[in-house]
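full-length UniProt numbering puts the first residue of the sequence shown at 1, with every later residue one more than the last. Using N, Cα and C, we set each Cβ at its ideal position, and we do this for glycine too. Please read all numbers here as calculations on a predicted model, not as lab measurements.
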Amino acid sequence: MKKRAGADTEELANNTPTRGRGSVKVALPNHPLTTSEWAKLKESSSKPERFEMQTMEGLLATNADINIAKSLLVYVVQDKGTLSYELLLRYLTLCVTGGHHSEVFDTYGIMRTCFKTLDSGASSLFIKGFSQTERWREALVVLEGMKKALLPSPRNYSDAIAGAALHGDAETSWMLYDELLDLGLVPNQDTWQCLFQSGITQRGQEDKLFSVLSYMRDNQIYPEEPLIQTIKAWFESFPDQKWSGRFSYVAPSGECENCKASLESIQLTEEEYAELKDKVMKKVIEGSDVFKKTTPEELESFKRFVKQRPPFDIVIDGLNVANTTPKATHSETLLAVVSELEQQGLNILVLGRKHMLQPSRNWDRQNMNKIKQKAHCFFTENISEDDPFLLYAALHSGVHCNFLSRDLMRDHKACLSDSTTRRLFFKWQRGHQLVISHYVPGKRVRFQRTPAYDTIVQTSGSSWHIPYDENRGDRATYEVPQKWLCLTQEY
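Here you go:
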């Protein structure tokens, strides 16, 4: 259930759990009550019209004894003659989260009989609930019914796939997995873990599981620690291939510390770069969506600006970089960054907005004049977005050109329709995006080093290297995992 509510109730007795919001409190019994006891409790409630719902929500929030909830339903039926959809939905949530399978079955029977349709919340709960039991095939029936009204979620498919895999039906689990991909949904880590776990006990799924690793490669997906352990166990379960897995690091040069193999270079080939440049120019720079972010006149003016100057070595997202630290003014930060890069002898382009030229506390005129002396500058209208300009300048300048920004550029990867181009875009971003790793006003600016190797799933045939997230957490697309699973075959 999406909602975990705290309920408004009054104290029933000492040591009784309560859920509350503000000064209004509700007591939750710690054992099943008779109908008369429930009636008495309702009478003492400050909100009798919401008593049943708030109490059930309180039981759900505290993961209470299922028998207390059942006794509440008995009272409601006797008091009102019927059970509302909303009340049953919260009771169902308690049943599913607590693993009360027989109660899930009973609730399914009641809701199918009493209501014409089930909403996505109830359907999702029944899919999850049935998948854990011998009646797992009924989850597929619920899933089919759900598809008539809306697009199921990756979690819905994950639960259904788990049900099939846990009960030994690999064919059905892969059918559901293929359907999930065909719908354009992204599988979650639990789905893959379940499939690899199934592959350990049931042979014949090797090609499909290798295709999962290819999917991770093409979409720059990194397994989390539970999944990587299962992948390792799957490789090592091959009876005749003698795979051995070790957790490893990769040196800055791109050499695996475990097997000493060299990983794929982060640099694009000339052919890859030409293909990426062509696709980005057509889809992102010349596509219909670009003029939501600028105007045709402004973009043409910028193109002329770029063509009249020698290729840039680095393009700076000025506003983004200026916001790096609160310990200095925006113009002070930007000047420090530009000065550091100028000392490296680089031809610099700073992209900014016109408001940066208006003197203010953050935008000192003297600092901005110094920046214009050290770098080429182009200032767009304040309502424009920098991304199309940054991409155009960087890609037009050539494969040597880097860019400096904390922007993740997710929108632009989404514009690229095929997985190959998206992978090339990500690879280009990883190899060319500089990020400030350390800056203290008055001291040198330090940049995060771009690795020589590409951090994606890769294989040479006799070895696999899989980067993984050691601890789950948010990570920007220019940040990558540091740990790898190195799999080698012993001959």
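Review point. Quick one: Cα of E271 to Cα of V399, how far?
Key: 11 Å
Review point. In terms of residues, what are the limits of the beta strand (DSSP E) holding V315?
Key: I314 to D317
Check your understanding: Just the Cα atoms here: how many angstroms apart are H167 and N402?
Key -> 51 Å
Point to revise | Close-in-space but distant-in-sequence residues of the same chain around D190 (CB under 8 Å, 5 per side omitted) | key: S158 and A162
Exercise for review: Output yes or no for whether 9 Å exceeds the beta carbon distance between P152 and Q193.
Suggested key: no
Review point. Can you tell me where the beta strand (DSSP E) with H465 in it begins and where it stops?
Key: S463 to Y468
**Study point:** Cut-off 8 Å between Cβ atoms - residues of its own chain near S463, not counting five sequence neighbours on either side
**Key:** C259, A261, C486, L487, T488 and Q489
Review point. Can you tell me whether K80 is buried or exposed, with buried defined as 16 or more other CB within 10 angstroms of its CB?
Key: exposed
Review point. Using 8 Å as the Cβ pair cut-off and three pairs as the minimum, do the region 382-395 and the region 293-308 touch?
Key: yes
Point to revise | Reference G98, options P481, A149, L60 and S71, closest by Cα | key: L60
Exercise for review: Measure the CB-CB distance between I316 and S405 and report whether it falls below 9 Å.
Suggested key: yes
**Study point:** K483 - partner residues in DSSP beta bridges
**Key:** Y468
Review point. Should E286 be counted as a contact of the ligand PLP given a C-beta to heavy atom distance under 8 Å?
Key: With respect to the ligand PLP, the structure offers nothing, as it holds no ligand at all.
Check your understanding: Going by other Cβ atoms of all chains shown within 10 Å of its Cβ, with 16 needed for buried, is Q358 buried or exposed?
Key -> exposed
Review point. Using a Cβ-Cβ cut-off of 6 Å (strictly less than) and excluding sequence neighbours within five positions of D469, which residues of its own chain qualify?
Key: Y222, E224 and P481
Point to revise | Beta-carbon proximity check, I110 vs L83, cutoff 9 Å | key: yes
Practice item. Can you tell me which of the three DSSP states S301 falls into? Key: helix
Practice item. Put S460 into one of helix, strand or coil per three-state DSSP. Key: coil
Exercise for review: Output the boundary residues of the alpha helix (DSSP H) element that contains L88.
Suggested key: Y85 to T97
Check your understanding: Beta carbon of R353, beta carbon of T380: below 9 Å?
Key -> yes
Check your understanding: Which residues in the same chain as L416 place their Cβ atom closer than 7 Å to its Cβ, once the five residues preceding and following it in sequence are excluded?
Key -> K279, K283, R422 and F425
Check your understanding: CA-CA distance, A452 and L335?
Key -> 29 Å
Exercise for review: Using a threshold of 9 Å, state whether the C-beta atoms of D65 and L89 are closer than that.
Suggested key: no
Exercise for review: Within its chain, find whatever has a CB closer than 7 Å to the CB of F235; leave out the 5 residues flanking it on each side and keep chain order.
Suggested key: W243, G245 and L487
Exercise for review: Could you pull out every residue in the same chain whose Cβ sits closer than 7 Å to the Cβ of C377, ignoring the five residues on either side in sequence?
Suggested key: V350, G352 and I371
Practice item. May I ask you to report which of helix, strand or coil DSSP gives L60? Key: helix
Review point. When DSSP builds the beta bridges, which residues end up paired with H438?
Key: R446
Check your understanding: E264 to K148, Cα distance in whole Å?
Key -> 45 Å
**Study point:** Whether S437 touches Q429 by CB criterion (9 Å)
**Key:** no
Review point. Taking DSSP as the reference, what is the three-state secondary structure of Y177?
Key: helix
Review point. Secondary structure at Q202, three-state DSSP: helix, strand or coil?
Key: coil
Review point. Among residues of its own chain, excluding the 5 on either side of Y75, which ones have a beta-carbon nearer than 6 Å to its beta-carbon?
Key: T35 and W38
Review point. Is R135 helix, strand or coil by DSSP?
Key: coil
Point to revise | L183 classed as buried or exposed, judged by whether at least 16 other C-beta atoms fall within 10 angstroms | key: exposed
Point to revise | Residue from M409, P252, R444 and E297 whose Cα sits closest to the Cα of E332 | key: R444
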